[in-house]
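Residue numbers (this note's numbering): 20 to 644. For each residue, glycine too, the CB sits at the ideal point set by N, CA and C.
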C-alpha cells in the first residue's frame, strides 16, 4: 500500500481502532482533566492523517518510506553489419581521421543509413553503439555534416563503458572520435561523455551516477578532454567529483583533442601526452607559476560571478556562488528554511542544480518532501483542503522533479558534522550536488571539550564548513537561530531587527562566514498572521561578484500556495501553466501551444527552462549589480 507516492513503512503507529473515523487524540486526551475519552480526533485513512479538533494537531498515522520509481528506458536493437565498410567510409575514418581498422572493429563501429532530424531526410551515418555488460544501451548517429542524434528514450551512459572493467585507469574524453584515437594508440580503457561539455559551467554528469562503482575501483582517472573553455569546465567537474588525488591531466601540446593530436602529430606523440600527464599539486605549497593557467583564465574570462536567484530584488543583495559558506539567520519559526528551499527549488527547475539537505527538525521525511511538493505545485497534498487539492498528475510530476534534485541526509544515529559532510561528499561524487543545507546548527551532535571556549569551537566548526565548500565547489548553507527576540517599545512592540551579532553562540559565525543572510517577519510580534517577510544581506564578502548588503522588505508569503512572492510574482508560477495554460494558450497532449505566436512548448518545465537559459546566454545579460 502506498499514499501519495510513498510506501507505508509502519501502519497505524497509534493503534487506532481499524476503520474508525474518530478516536481519542494521542497528543492531548491523556492530559485532559475533563472528558479524556472524548473522541476529538478525525481519522482519514485514505490520506494517512488524523486531525484533532481540540488541540489542533495534525498527526501522521503511519511512517513512510520513499517509493522507488523505476525509469523504463528504451533499449535499441543491435544489427551487425552484413557487408564490409565502403571505401568512402574507411577513407574518411582511416585516412582522414587516422583511426585504425582494428579500432573500428573492436568498438563495433557501423556504417548505416539513418533519418536525421536536422536535415529531415535519411543520411549516410557513423553509428557509435553504447554498450555496457555487452548489452546495447544507446546509439549515436553522426552524418557527414557533423549532425548528431541519440536514440530517443534510451539511457545515456558513457561511451565504451565496458573498457573500465579490469583496468587500473581510464582516459576520460569528450567524443567518440577521441576514444577511437586512444584505442588506435593502444589505450583501450577510454570513455567519452555522450553529449560533450558546455561553456556555461553547468556540467551535467548524471550518466555516471549509476556507474560510480567502476570509477571507485580505479587508481587513476586521466582527464583528456578538449583544450577549450567547455573542456576546462568538464575537467573542473571531474576533479570536483573524484578528488584531486585521483586525477591526472593530459595536455595535447597545444592541439585541441586526442584525434587532432593523432592526425597532426601521430601515435607516438599521443602516447607521449599520456606518459606526461600531470598530477594536480596537493602538497599545500604553491607558486604563482603553478597557478599561471588559472590566473590567465581569470584574466581572459573573468572571475566566477554569483548566479541569479530569479528574483531581481534579491539578486541585488545576494546571488548564488559555489565555494562559499552562507549563514541564514533570524528568529525561530519565521520561514528561513522554507524561503531557502524555495530558492533551491527555483534553481533546480531553471538550471538543474541538485541539493542535499540535513534537516532533522523537518520530520517525518514525508513532511519535508510534502513541503517541497506543495511549493512546487502551489496546492495542498491534503484532501482536507478540497478547494486547493492538487491532482494526482500534479503530485506525480512534483515527486519526479524533487526526487531528481533533492537528497535528504538523515543518518540513523550519528548527527556529527563529520558524518554529514561524509554523506554530502558522497552525493557530490555520485549525484553532482552543488548546494548543501544544514538546518539548523543546534541539531548537530557537537563534541565540544568540557570547559572549552565556545567561540573557538564554532571557529573550528565554520573552518570545516568553508574547507568543504571550497574543495567540493559547493554552496554551503547553515541555518543558525537568533537569540530570544525582545520587544522594541519604540516600534509598537515589534521585535528588534535580527542582526549578525545576535546569533546564538556569538559573532564567530558571522566572522567566519562569507555571507550572512537574514529572513524575518517584521510584524510577527504584533500580528502573527501578517504575511510580510523581509530578506536582508548584512554581510557580503565578495561584493563585486555576489551582491551588495541590501534589504528587500516587500516579500509576501502566500500560505495557501506555500510560496514567496515579490511584486506579486514568483518564478514557480511557470509550473502552473503546465497544468493550467493561460488564456492565449491551449494544451494538446503533452504540449502547450501559444495561440499568438504558434510556438509549441514541451510540457516538461526543464525543457522550457533549457530553452530560456539558452536564450539568456545569447542575449548576454549581466548581473544587476
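What are the complete beta strand (DSSP E) segments, minimum 3 residues, inside the region 160–233? Counting only runs of 3 or more, we get 167–169, 188–192 and 209–211.
Spatial neighbours of residue 349 within its chain, please: C-beta separation below 8 Å, excluding the five flanking residues on both sides. 355, 500, 501, 517, 537, 538 and 539
Distance, residue 390 Cα to residue 581 Cα: Distance from the CA atom of residue 581 to the CA atom of residue 390, rounded to whole angstroms, is 8 Å.
Who are residue 551's beta bridge partners in DSSP? In the DSSP assignment, the residues bridged to residue 551 are 575.
Would you please verify whether the beta carbon of residue 376 is less than 8 Å from any beta carbon of chain D? Within the model displayed, chain D is absent; a lone protein chain is all it includes.
Beta strand (DSSP E) segment containing residue 582, residue limits: First-last of the beta strand (DSSP E) with residue 582: 582–585.
Just verifying my parser: in three-state terms, what is the DSSP assignment at residue 69? strand
Helix, strand or coil: which one does DSSP assign to residue 440? helix
Complete alpha helix (DSSP H) runs within the region 417–487 (minimum length 4 residues, chain order): 436–450
I'd like to check one pair, residue 148 with residue 127: are the Cβ atoms closer than 8 Å? yes
Buried/exposed call for residue 453, threshold 16 Cβ in 10 Å: The residue is buried, with at least 16 neighbouring Cβ atoms inside 10 Å.
With a Cβ-Cβ cutoff of 8 Å, do residue 379 and residue 462 count as a contact? Yes. Within cutoff.
Rounded C-alpha distance that separates residue 78 from residue 133: 58 Å
Who are residue 522's beta bridge partners in DSSP? 501
Going by C-alpha distance, which of 174, 80, 177 and 286 is nearest residue 118? 286
Quick check on the burial criterion: 16 or more other C-beta atoms within 10 angstroms. Buried or exposed for residue 439? With 16 or more other Cβ atoms within 10 Å, it is buried.
How many Å lie between residue 183 and residue 120 at the Cα? 22 Å
For residue 540, the first and last residue of its enclosing alpha helix (DSSP H): No alpha helix (DSSP H) contains residue 540, which DSSP labels as neither H nor E.
Considering only the alpha carbon of each residue, which of 158, 397 and 353 lies closest to residue 655? With the chain covering only 20 through 644, there is no way to say anything about residue 655.
Is there contact between the region 515–532 and the region 359–376, where contact requires at least three CB pairs shorter than 8 Å? no
Give me the residue from 311, 174 and 199 with the minimum Cα distance to residue 92. 174
On the premise that residue 427 lies in contact with residue 384, defined as a C-beta separation below 8 Å, what is that separation, rounded to the nearest angstrom? 6 Å
What residue range does the alpha helix (DSSP H) around residue 107 cover? 106–109
On a CA-only basis, which of 519, 210, 157 and 466 is nearest residue 433? Give me that one, please. 466
Out of 82, 107, 370 and 143, point me to the one whose CA is closest to residue 223's CA. Here the closest residue by C-alpha is 370.
Give me the Cα-Cα distance between residue 161 and residue 283, rounded to the nearest whole angstrom. Residue 161 and residue 283 have their alpha carbons spaced roughly 23 Å apart.
Count the other CB atoms, across all protein chains shown, that sit within 10 Å of the CB of residue 40; report buried if there are 16 or more and exposed otherwise. exposed
Tell me whether residue 36 is buried or exposed, calling it buried when 16 or more other Cβ atoms sit within 10 Å of its Cβ. Residue 36 counts as exposed, since fewer than 16 other C-beta atoms from the protein chains shown sit within 10 angstroms of its C-beta.
Check residue 59 in the structure and name its three-state DSSP category. coil
Terminal residues of the beta strand (DSSP E) in which residue 130 lies: 129–135
Between residue 11 and residue 591, what straight-line distance do the alpha-carbon atoms span, to the nearest angstrom? It is not possible to answer for residue 11, since the shown part of the chain is limited to 20 through 644.
Inspect the CB distances between the region 100–113 and the region 187–195 and report whether three or more fall short of 8 Å. no
In three-state DSSP terms, what is residue 532? coil
Residue closest to residue 50, alpha-carbon to alpha-carbon, out of 63, 73, 31 and 32: 73
So, helix, strand or coil for residue 268, using DSSP? strand
According to DSSP, residue 514 sits in a beta bridge with which residue or residues? 506
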